[in-house]
Amino acid sequence: ALMNRILLFQKMSPVNALATTNAVKRLRAWERWAVVALLLLTWGLRWVVLLEVPPGWRDDDLIELYTFSWEILESGPQLYFSGASGHEPLFHTLRAPLLALAGLNQASARWLPAVCGTLVVLLTWAIGRRLFTREVGLLTGVSVAVSFWGLMYSRVAIRHIGVLPWTLLAIYCAWRLLQDESPPRAVAFGIAIGTAGAIYTYYAGRIVPALLIVALPFVGGRKGRWKPYLAALAGGVLLAVPMFWAASHIPGADARVSELAVPLTALAEGDIRPFVQTTWTTLGMAHAKGDPEWLYNISERPVFGLAGALLLYIGILTRLAHLKQANARLLLLWLGAGIAPAFISLPPSSYGHTILALPAVYLLLAMPMKAAARRWRWTTIPLCLLTFALVAGRDLPDHFVTWPQHPAVRFLYRADYRALAGHFDAHPEIEEAVVWSLLFGTWDRVAVETDMQRQDMALRYANPERALVGQTDQIRFYLRTGERCAPQFQILLDAAPPIEAPPGMQGFLLTLPEPPEDTLTTDALGTPLAAQPFADALALQAAAWDGATLTTWWLVVGDLPLPPEVLIPNPPPPGVYNGPRLSVFAHLYAADESFVTGDDGLWVDPYTLRTGDRVVQVHRFTIPTDAPGGPYTLAIGLYDPLTGERWLRPDGTDMVVLAGPSN
Numbered sequence: 003a004l005m006n007r008i009l010l011f012q013k014m015s016p017v018n019a020l021a022t023t024n025a026v027k028r029l030r031a032w033e034r035w036a037v038v039a040l041l042l043l044t045w046g047l048r049w050v051v052l053l054e055v056p057p058g059w060r061d062d063d064l065i066e067l068y069t070f071s072w073e074i075l076e077s078g079p080q081l082y083f084s085g086a087s088g089h090e091p092l093f094h095t096l097r098a099p100l101l102a103l104a105g106l107n108q109a110s111a112r113w114l115p116a117v118c119g120t121l122v123v124l125l126t127w128a129i130g131r132r133l134f135t136r137e138v139g140l141l142t143g144v145s146v147a148v149s150f151w152g153l154m155y156s157r158v159a160i161r162h163i164g165v166l167p168w169t170l171l172a173i174y175c176a177w178r179l180l181q182d183e184s185p186p187r188a189v190a191f192g193i194a195i196g197t198a199g200a201i202y203t204y205y206a207g208r209i210v211p212a213l214l215i216v217a218l219p220f221v222g223g224r225k226g227r228w229k230p231y232l233a234a235l236a237g238g239v240l241l242a243v244p245m246f247w248a249a250s251h252i253p254g255a256d257a258r259v260s261e262l263a264v265p266l267t268a269l270a271e272g273d274i275r276p277f278v279q280t281t282w283t284t285l286g287m288a289h290a291k292g293d294p295e296w297l298y299n300i301s302e303r304p305v306f307g308l309a310g311a312l313l314l315y316i317g318i319l320t321r322l323a324h325l326k327q328a329n330a331r332l333l334l335l336w337l338g339a340g341i342a343p344a345f346i347s348l349p350p351s352s353y354g355h356t357i358l359a360l361p362a363v364y365l366l367l368a369m370p371m372k373a374a375a376r377r378w379r380w381t382t383i384p385l386c387l388l389t390f391a392l393v394a395g396r397d398l399p400d401h402f403v404t405w406p407q408h409p410a411v412r413f414l415y416r417a418d419y420r421a422l423a424g425h426f427d428a429h430p431e432i433e434e435a436v437v438w439s440l441l442f443g444t445w446d447r448v449a450v451e452t453d454m455q456r457q458d459m460a461l462r463y464a465n466p467e468r469a470l471v472g473q474t475d476q477i478r479f480y481l482r483t484g485e486r487c488a489p490q491f492q493i494l495l496d497a498a499p500p501i502e503a504p505p506g507m508q509g510f511l512l513t514l515p516e517p518p519e520d521t522l523t524t525d526a527l528g529t530p531l532a533a534q535p536f537a538d539a540l541a542l543q544a545a546a547w548d549g550a551t552l553t554t555w556w557l558v559v560g561d562l563p564l565p566p567e568v569l570i571p572n573p574p575p576p577g578v579y580n581g582p583r584l585s586v587f588a589h590l591y592a593a594d595e596s597f598v599t600g601d602d603g604l605w606v607d608p609y610t611l612r613t614g615d616r617v618v619q620v621h622r623f624t625i626p627t628d629a630p631g632g633p634y635t636l637a638i639g640l641y642d643p644l645t646g647e648r649w650l651r652p653d654g655t656d657m658v659v660l661a662g663p664s665n
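Number 665 marks the last residue of the sequence shown (my numbering); no jumps.
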């Protein structure tokens, strides 16, 4: 009954029924079972091995979850998000209640993309059945269900797939309004809702009203239907006016369009070459070069193999040969509009930028089967099985095996951090540890904390080329395999006993080095460094020179007076600071008090530091060849990079002054 309701308003005039016999028949028993099997297959493929594919969290996943959907829970609905170069609100709004109910985890993050991906399959089946035949609808639906392209965006926690159900709803209702005797008000309402939903979900959805406007003269329609059709389109666009108003009044909003539209900008300046290059590459995405980004593809892997691409191009030729048919004109127009954004943006052949074309591509893939079945009915089942085998036999292994195991993908999705979170959950006896990463940052910590079930771990994060941190005598350090350390730290690792670590990581049991005997422990006035902690929270204990390298030892003696941490999307909204809130300055001054050189930075995450922690930092200096001769003076202090405000010591000074190198 539910599946029959998808094909609403089946009452047709006798004349129109003769023209669209296959489209209007109710579901047969075998077709019902086939669609049930299709939905089970689709839903299952979007949930199987959830923790392994993708192998971890990408920045975009976490940003959309924490700074958009979660922001809605805390601050209420938004008309537009200016962070991350501009985001429409609908997808994040729909996901927010689920996060409130289930918390933020793998299932709650990816439930909505999985639902959208399943709706895409169901609506693609309905459109294929409506425009063509039962067999075309089922073959297209199952091809989308098992396709690399469809699976990818149904399993990552970003909004791209959310634009397709609305787009398909608008196209389905548009066809019904123009070609059938369906009640105009009902299908016009579907056009309006679908159009507005697409616009409110993803910027590619703005193509939908243009597509449907151009489709009117291309597709034609029944007498008297153009007025409700255009009224529905206008209604959909009017519903989106508040979002457009908000975007136009937010400084820097829609920055993504200008960031990506490099070929269009060059074309406006008279340089046609970037446009030609991106267009040519995109036109070959089916057989030559697909999406170049490892984030969403095996880099440059085309959508189809040679056999699949051949079927697609035969499908395009068959539709060109039947341009007198409205369904052929609509399908080709849909394909062209869907891939057009990749002509004027970077990277070319992007699966995200061309996502509106996904259903049209697989509808065209089914066309050779339809053409052959018209002549030789017995070929329907073999050709359907062959087409399915070509897609599933290539795409399923590539998506579930090859892609997630590639080193670039594992790096981009922080697979090692997911494995580390699982390792900590499996070993409750580990109470504290240090995660070393060259690219350590806020989102690395968020990724680990999101995956880890435990709440009692004391984790610190540091850059292995610059810092050590810990509290106990022996500290567990975990380092990504292949990442490099500072030479003085590597000596410690070579002598340290290894410990169990998850795949992709190395584990070491380290003891933080004590300051050597010749280390400076007093300032230029002879005052012990540790006696004057900055902000009564962080005390410089010692400093030592080694050529052009300065090593400093710090002790956390109290709570750090840091502002509350706020997760900021990347890129941040215009005018919003997205950098660190605490840094160490280490500056060299000549005898005449002129500045020579410096090296600023705090290479540990200050929000993870606790009272009693010890930090060892390495500062590197390059003294200019034209610098005044020594002796030099070294000034060390702490400051907030946003405000420039320095932390003060109990004596009112804002720095420690030490004797520097002599030359």
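We treat Cβ as the ideally placed atom computed from N, Cα and C, and that holds for glycine.
What are the uninterrupted segments assigned as beta strand (DSSP E) that are 3 or more residues long and contained completely in the stretch 527 to 599, given in chain order?
540 to 548, 551 to 558 and 585 to 591
Pull up the DSSP beta-bridge partners for residue 668, would you.
Since the first residue of the chain shown is 3 and the last is 665, residue 668 is not available in this structure.
Going by DSSP, what residues sit across from residue 471 in a beta bridge?
617
Would you report the Cα separation of residue 218 and residue 326, rounded to the nearest angstrom?
15 Å
Could you check which residue in 399, 515 and 247 has the C-alpha nearest to that of residue 497?
515
How close, in whole Å, do the beta carbons of residue 436 and residue 479 come, if the pair is a contact with beta carbons under 8 Å?
5 Å
Give me, in chain order, the residues of the same chain whose beta-carbon lies closer than 7 Å to that of residue 406; leave out the 5 immediate sequence neighbours on both sides.
54, 55, 56 and 57
Are the Cβ atoms of residue 299 and residue 292 separated by less than 8 Å?
yes
Could you tell me the boundaries of the alpha helix (DSSP H) in which residue 177 lies?
165 to 181
Residue ranges of each alpha helix (DSSP H) within the stretch 422 to 488, 4 or longer:
444 to 453
Quick one: residues in its chain with C-beta nearer than 6 Å to the C-beta of residue 643, no 5 flanking neighbours on either side, listed in chain order?
581, 582 and 585
Count the other CB atoms within 10 Å of the CB of residue 372; is the residue buried (16 or more) or exposed (fewer)?
buried
Could you give the C-beta distance for residue 363 and residue 337, rounded to a whole number, given that I count them as a contact under 8 Å?
7 Å
Between 458, 512, 137 and 544, which lies nearest to residue 610 when the distance is taken from Cα to Cα?
458
Could you tell me the alpha carbon to alpha carbon distance between residue 74 and residue 499, rounded to whole angstroms?
47 Å
Here's a check: name, in chain order, each residue in its chain whose Cβ is nearer than 7 Å to the Cβ of residue 464, leaving out the five neighbours to either side.
436, 438, 442, 470, 471, 605 and 606
8 Å Cβ cutoff met for residue 249 and residue 46:
no
When the Cβ atoms of the stretch 133 to 145 are set against those of the stretch 164 to 172, are three or more pairs found closer than 8 Å?
no
Residue 243: first and last residue of the uninterrupted beta strand (DSSP E) it sits in:
Element bounds for residue 243: not the beta strand (DSSP E) but the alpha helix (DSSP H), 243 to 251.
Three-state class that DSSP yields for residue 51 in the structure shown:
coil
Taking the alpha carbon of residue 203 as the reference point, which residue from 322, 310, 357 and 68 has its own alpha carbon closest?
357
Which residue or residues does DSSP assign as beta-bridge partners of residue 640?
586
By how many angstroms is the C-alpha of residue 135 removed from the C-alpha of residue 374?
13 Å
Top-ranked residue by Cα proximity to residue 112, from 64, 86, 79 and 83
64
Does the distance from the CB of residue 222 to the CB of residue 328 come in under 8 Å?
yes
Given 8 Å as the limit, is there contact between the stretch 197 to 213 and the stretch 80 to 98, that is, 3 or more CB pairs closer than that?
yes
Residue 161 by DSSP, collapsed to three states: which one?
coil
Taking the DSSP output, what are the residues bridged to residue 659?
637
Identify which residue in 557, 339 and 488 has its Cα closest to the Cα of residue 614.
557
Please identify the residue among 647, 227, 108 and 220 whose C-alpha is closest to the C-alpha of residue 178.
227
N-terminal and C-terminal residue of the alpha helix (DSSP H) that residue 93 is part of:
92 to 104
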